Amino acid sequence: MKNISVIGSGTMGNGIAHVFAQHSYLVNLIDINQIALDKAIQTITKNLDRQVAKGTLTEEQKSATLKNITRHTSIEDGVKTADLIVEAATENIDLKLKIFRELDEFSPTEAILASNTSSISITQIAAITGRGDKVIGMHFMNPVPVMKLVEVIRGYQTSDETTQKIMSLSESLEKIPVEVNDYPGFVANRILMPMINEAIYTLYEGVAGVYEIDTVMKLGMAHPMGPLQLADFIGLDVCLAILKVLNTGFGNPKYAPCPLLVNMVAAGYKGAKTGEGFYKYTAGSKDLIVSDKFKKS
Ligand SMILES: NC(=O)c1ccc[n+]([C@@H]2O[C@H](COP(=O)([O-])OP(=O)(O)OC[C@H]3O[C@@H](n4cnc5c(N)ncnc54)[C@H](O)[C@@H]3O)[C@@H](O)[C@H]2O)c1
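Once you know that position 62 of the sequence shown is 44 in the numbering used here, the rest is easy, because the numbers rise by one and skip nothing.
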């Protein structure tokens, strides 16, 4: 596999394009939004500069990486020669189904179609294509150039051959792939999201404050960041959407999202990306400041 198309150039798409291009794959990066595409190249350049400054990449490798990426605003143009397509567009089932219908129509019939979805069923996505055996989940972690894991998700129809190809390809990117089956939340979010939800319930019930909950989990369990801070980074709207998938997918009330999370999202407090969630975020500051909403009187 040599030609990789990446759909969506947001947080995950730019990281996925970066990693493939750095490992000498030819990347067609596709987004409907030209501004998002331009911003992705700026982000990739900034991240490559950081690698050069650290001495893990040379200036020549940086230029070669950037040269390997071509931008497109049309799926039809961007997937014509693809061996593999990694979809990393907005997490929305109707949008993903529409995109996969187009990928099936415009890409070579032997191309593998992968999704970076955090929670949408790979089996359901595969079912709208005519090549269910070649549809698979490739769940990269954020930030992609740094995080080693790729959760490789086998849909109901995914073939052994497709799975093997994606496992080897992930290794060629210096990642560690782990094979899992397609059930709600896969493995990563099935275990992570209930922990985050429980941390929010602990706050909601007044057992402890934001700082105390995160400190217990950081110092007591050696987690690099507390669950409330992590939820802010993932995006509280994203956490809520994944909990809803778990709740409906398993029909089990243990996954029901905490009412505090539901309220925060409805009020627009979605975490770091909106400037406030459990903590307050100001540009350029690395200080962790608890939101006024949760300050103790
Ligand atoms: N953010 C994370 O930490 C994270 C981690 C793992 C997986 N994911 C998954 O990765 C995917 C992308 O998430 P993100 O955080 O990068 O989102 P994002 O909002 O940062 O980027 C999504 C991009 O998709 C583009 N897009 C929307 N419709 C499109 C279309 N029809 N064709 C082409 N591009 C289109 C948007 O313009 C945007 O630039 C989601 O499925 C998400 O669940 C996210």
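Think of the CB as a built atom: it goes at the ideal place given N, C-alpha and C, for glycine as much as any other residue.
Quick caveat, the model's predicted, so the values are computed rather than measured.
Among the options, whose alpha-carbon lies nearest the alpha-carbon of residue i?
{"i": "Ile(-14)", "options": "Ile75, Pro127, Asn10 and Phe88", "result": "Asn10"}
{"i": "Asn163", "options": "Gly137, Asp13 and Ala46", "result": "Gly137"}
{"i": "Leu155", "options": "His0, Gly191 and Asn229", "result": "His0"}
{"i": "Ile158", "options": "Asp86, Thr47, Asp214 and Phe122", "result": "Phe122"}
{"i": "Ile107", "options": "Leu79, Val68, Asp115 and Glu84", "result": "Leu79"}
{"i": "Ile178", "options": "Ser6, Gly188 and Gly208", "result": "Gly208"}
{"i": "Leu19", "options": "Ile216, Ser56, Phe2 and Lys(-16)", "result": "Ser56"}
{"i": "Gly(-3)", "options": "Tyr237, Met129 and Pro90", "result": "Met129"}
{"i": "Ala223", "options": "Asp196, Cys240 and Gln211", "result": "Cys240"}
{"i": "Lys116", "options": "Ile173, Glu73 and Asp86", "result": "Asp86"}
{"i": "Phe2", "options": "Ile(-11), Ile14, Ile12 and Asn50", "result": "Asn50"}
{"i": "Thr52", "options": "Lys36, Glu41 and Tyr7", "result": "Tyr7"}
{"i": "Thr99", "options": "Gln16, Gln33, Ile81 and Gln146", "result": "Ile81"}
{"i": "Ile75", "options": "Ser97, Phe215 and Gln16", "result": "Ser97"}
{"i": "Phe88", "options": "Asn245, Lys226, Glu58 and Ala64", "result": "Glu58"}
{"i": "Ile173", "options": "Lys236, Leu77 and Gln146", "result": "Lys236"}
Near residue i, what residues of its chain come up, given a Cβ to Cβ distance below 7 Å and the 5 sequence neighbours on each side ignored?
{"i": "Thr(-7)", "result": "Asn124"}
{"i": "Thr144", "result": "Ile94, Asp115, Lys116 and Ile118"}
{"i": "Thr27", "result": "Leu48"}
Please find out if some non-hydrogen atom of ligand 1 comes closer than 8 Å to the beta-carbon of residue i.
{"i": "Ile(-14)", "result": "no"}
{"i": "Thr38", "result": "no"}
{"i": "Glu73", "result": "yes"}
{"i": "Leu66", "result": "no"}
{"i": "Asn124", "result": "yes"}
{"i": "Val247", "result": "no"}
{"i": "Leu77", "result": "yes"}
{"i": "Lys80", "result": "yes"}
{"i": "Thr99", "result": "yes"}
{"i": "Thr(-7)", "result": "yes"}
{"i": "Val220", "result": "yes"}
Under DSSP, the alpha helix (DSSP H) around residue i begins and ends at which residues?
{"i": "Leu185", "result": "Ala170 to Tyr186"}
{"i": "Ser152", "result": "Asp142 to Ser154"}
{"i": "Pro241", "result": "Pro241 to Ala248"}
{"i": "Val1", "result": "Thr(-7) to Gln4"}
{"i": "Val160", "result": "Not the alpha helix (DSSP H): Val160 falls in the beta strand (DSSP E), residues Ile158 to Asn163."}
{"i": "Ile224", "result": "Leu218 to Phe232"}
At which residues does the beta strand (DSSP E) containing residue i begin and terminate?
{"i": "Glu69", "result": "Leu66 to Glu69"}
{"i": "Val117", "result": "Val117 to Phe122"}
{"i": "Pro206", "result": "Run containing Pro206: none; DSSP gives neither H nor E here."}
{"i": "Asn(-15)", "result": "Asn(-15) to Ile(-11)"}
{"i": "Ile12", "result": "Leu8 to Ile12"}
For residue i, which residues in the same chain have their Cβ closer than 8 Å to its Cβ, ignoring the five residues on either side in sequence?
{"i": "Asp31", "result": "Lys44"}
{"i": "Leu151", "result": "Met(-17) and Leu66"}
Those runs of the beta strand (DSSP E) which lie wholly inside the segment 33 to 57 and span at least 3 residues: Counting only runs of 3 or more, we get 51 to 54.
Every unbroken beta strand (DSSP E) inside the segment 83 to 116 [3 residues or more]: 94 to 97, all fully within the segment 83 to 116.
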